[in-house]
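Visitor: Residue numbers 12 to 323, in the numbering used here, belong to the letters of the sequence shown in order. After the structure tokens below, expect a handful of questions from me.
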Amino acid sequence: MMHIALAFDNNYLIPAYALLASIFKHNPKAIFTFHVVLQGIDEQEQQQLRDYICKHNGSRLYCYTLDDRLLSTLPMMSPWNWSAMPYVKMFFPLLLSEKVDRLLVLDVDMLVVNGLDELYNWDLGDHPLGAVKDSGISCCNAYWDLHLREDYFNSGMMLIDVERWNKLKISEQAIAFARDNPDKIYYVDQDALNAAVAGRHLLLPEKYNLIHAYIPQSASRQFYDEFLKGQTILHFTFPKPWHYLSTHPYRHLYRHYLKMSPKKGARVITDFSIAKLPAYIYIKLLEWYLSTPVLVKFWRTLKMKMKKGLAN
Numbered sequence: 012m013m014h015i016a017l018a019f020d021n022n023y024l025i026p027a028y029a030l031l032a033s034i035f036k037h038n039p040k041a042i043f044t045f046h047v048v049l050q051g052i053d054e055q056e057q058q059q060l061r062d063y064i065c066k067h068n069g070s071r072l073y074c075y076t077l078d079d080r081l082l083s084t085l086p087m088m089s090p091w092n093w094s095a096m097p098y099v100k101m102f103f104p105l106l107l108s109e110k111v112d113r114l115l116v117l118d119v120d121m122l123v124v125n126g127l128d129e130l131y132n133w134d135l136g137d138h139p140l141g142a143v144k145d146s147g148i149s150c151c152n153a154y155w156d157l158h159l160r161e162d163y164f165n166s167g168m169m170l171i172d173v174e175r176w177n178k179l180k181i182s183e184q185a186i187a188f189a190r191d192n193p194d195k196i197y198y199v200d201q202d203a204l205n206a207a208v209a210g211r212h213l214l215l216p217e218k219y220n221l222i223h224a225y226i227p228q229s230a231s232r233q234f235y236d237e238f239l240k241g242q243t244i245l246h247f248t249f250p251k252p253w254h255y256l257s258t259h260p261y262r263h264l265y266r267h268y269l270k271m272s273p274k275k276g277a278r279v280i281t282d283f284s285i286a287k288l289p290a291y292i293y294i295k296l297l298e299w300y301l302s303t304p305v306l307v308k309f310w311r312t313l314k315m316k317m318k319k320g321l322a323n
């Protein structure tokens, strides 16, 4: 039995289904218990979600609620944060309705592309959690010293030893830090959790939370297909795969897994506009070029000849 925690509102309902479909696809024999905090999801949608989860080997869904007044006390100054939902991750170990030894917390802008057994059973030693280093925030290093830490982790995937976490009162410390230091909260829950954990976590391989910074850029489709085989969880930190001008090399997988879910008829692209069409065409042409070795070789040869001509 694997225990997985998710938190989302109506804006992320469709991505949540894509994530669930990817989990079920790559873990066909596993049984899951999902601990989910929902906001703005009506009872009919909740029942559909429960039915979908139960169909996978009798997996279970537990829904939790958090008092809005509790979340409203936390700072919302980050330009990246559109709701208080990311903060919910700080509360999960305190919310569980049954004894859980280990909890895998996931953001819903993720896709699972391999089995989760290896990750879920990872030896954490004496660490309260395992997470992947976040190397994608160098542009914000000047914000404050926390972002300069070599062990600063991305909170989109956390493998939590619930007993050790609660013994160290990490949830309480993270909540207190966020309330007491609103000027130091940029990546909302992530900053608060890094401050509370204070380096006591275990850094896990990048394949368990593959953010954009860890993906080679401007490569061919053949390269990306091979690269994907060694990954476990894709994290669409930016750009999102449901954005029309997304250049993420694995954005097509979002549509792929969504079609496996009860929401297969849902709108995939949420921000289409005619004004963006020229930029979209440019993106597609660039990807076609990079995936056509003959064209790449021809262009590189031509550039070399042009440089030699200018030199002469």
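Idealized CB from N, CA, C, for every residue including glycine.
1) According to DSSP, simplified to helix, strand and coil, what is Val279?
2) Taking DSSP's pairing of strands, which residues face Cys74 in a bridge?
3) When you compare only the Cα positions, how much space is there between Asp79 and Val199?
4) My output table needs one value for Ala207: the three-state DSSP class, helix, strand or coil.
5) Once you ignore the five residues that flank Phe283 on each side, which residues in its own chain have a CB closer than 8 Å to its CB?
6) Which runs of the beta strand (DSSP E), 3 residues or longer, sit entirely within the region 207-265?
7) Assign Ile25 to one of three DSSP states: helix, strand, or coil.
8) Where does Met96 fall in DSSP's three states?
9) Only counting the same chain, and skipping five residues up and downstream in sequence, which positions put a Cβ closer than 6 Å to that of Asn125?
10) To the nearest angstrom, how far is the alpha carbon of Leu17 from that of Met101?
11) Less than 8 Å between the C-beta atoms of Arg113 and His14, yes or no?
12) Tell me the rounded alpha-carbon separation between Arg266 and Leu239.
13) If you follow the beta strand (DSSP E) that Asn165 is part of, which residue opens it and which one closes it?
14) In this structure, how does DSSP classify Arg160 when only helix, strand and coil are distinguished?
15) Rounded C-beta distance between Leu31 and Ile64? I'm assuming under 8 Å.
16) Please return the same chain residues whose Cβ sits closer than 8 Å to the Cβ of Ser104, not counting the five positions on each side in sequence.
17) What is the rounded straight-line gap between the Cα of Asn132 and the Cα of Phe249?
18) Verify the CB distance criterion: does Met169 have a CB-CB separation below 8 Å to chain B?
Guide: The relevant details are as follows:
1) Walking along the sequence shown from the start, residue 279 turns up at place 268. In the structure shown, Val279 sits in coil (DSSP, three-state: anything other than H, G, I, E or B).
2) Looking up residue 74 in the sequence shown gives position 63. According to DSSP, which records beta bridges pairwise, Cys74 is partnered with Val47.
3) Start at 1 with the first residue of the sequence shown, and residue 79 comes out as number 68. Start at 1 with the first residue of the sequence shown, and residue 199 comes out as number 188. Straight-line Cα distance between these residues: approximately 16 Å.
4) Position 196 of the sequence shown, counted from the first residue, corresponds to residue 207. The answer is helix: DSSP assigns Ala207 an H, G or I state.
5) Walking along the sequence shown from the start, residue 283 turns up at place 272. Tyr255, listed in sequence order.
6) 244-246
7) Position 14 of the sequence shown, counting from 1, holds the residue named residue 25. Note: Ile25 maps to helix in three-state DSSP.
8) Stepping through the sequence shown from its first residue, residue 96 is reached at position 85. Three-state result, Met96: helix.
9) One-based indexing of the sequence shown puts residue 125 at position 114. His37 and Thr243, listed in sequence order.
10) Here the question's residue 17 lines up with position 6 in the sequence shown. Here the question's residue 101 lines up with position 90 in the sequence shown. Those two C-alpha atoms are separated by around 12 Å.
11) To locate residue 113, count along the sequence shown from 1; it is residue 102. To locate residue 14, count along the sequence shown from 1; it is residue 3. It is a contact, given that the beta carbons lie within the stated cut-off.
12) Locating residue 266 in the sequence shown gives position 255, counting from the first residue. Locating residue 239 in the sequence shown gives position 228, counting from the first residue. Roughly 16 Å between the two C-alpha positions.
13) Taking the first residue of the sequence shown as 1, we reach residue 165 at position 154. Phe164 to Asp172 is the extent of the beta strand (DSSP E) around Asn165.
14) The sequence position of residue 160 within the sequence shown is 149, counting from 1. Three-state DSSP puts Arg160 in coil, outside helix and strand.
15) Counting from one through the sequence shown, the residue named residue 31 turns up at place 20. Counting from one through the sequence shown, the residue named residue 64 turns up at place 53. About 7 Å; that satisfies the 8 Å criterion.
16) In the sequence shown, the residue the question calls residue 104 occupies position 93. One point to set straight first is that residue 104 is Pro, not Ser, in the sequence displayed. Cβ neighbours of Pro104 beyond the five flanking positions: Leu114, Ile171, Val173, Trp176, Asn177, Ile181 and Ser182.
17) In the sequence shown, the residue the question calls residue 132 occupies position 121. In the sequence shown, the residue the question calls residue 249 occupies position 238. Asn132 and Phe249: Cα-Cα distance of roughly 29 Å.
18) The structure shown contains no chain B, having only a single protein chain.
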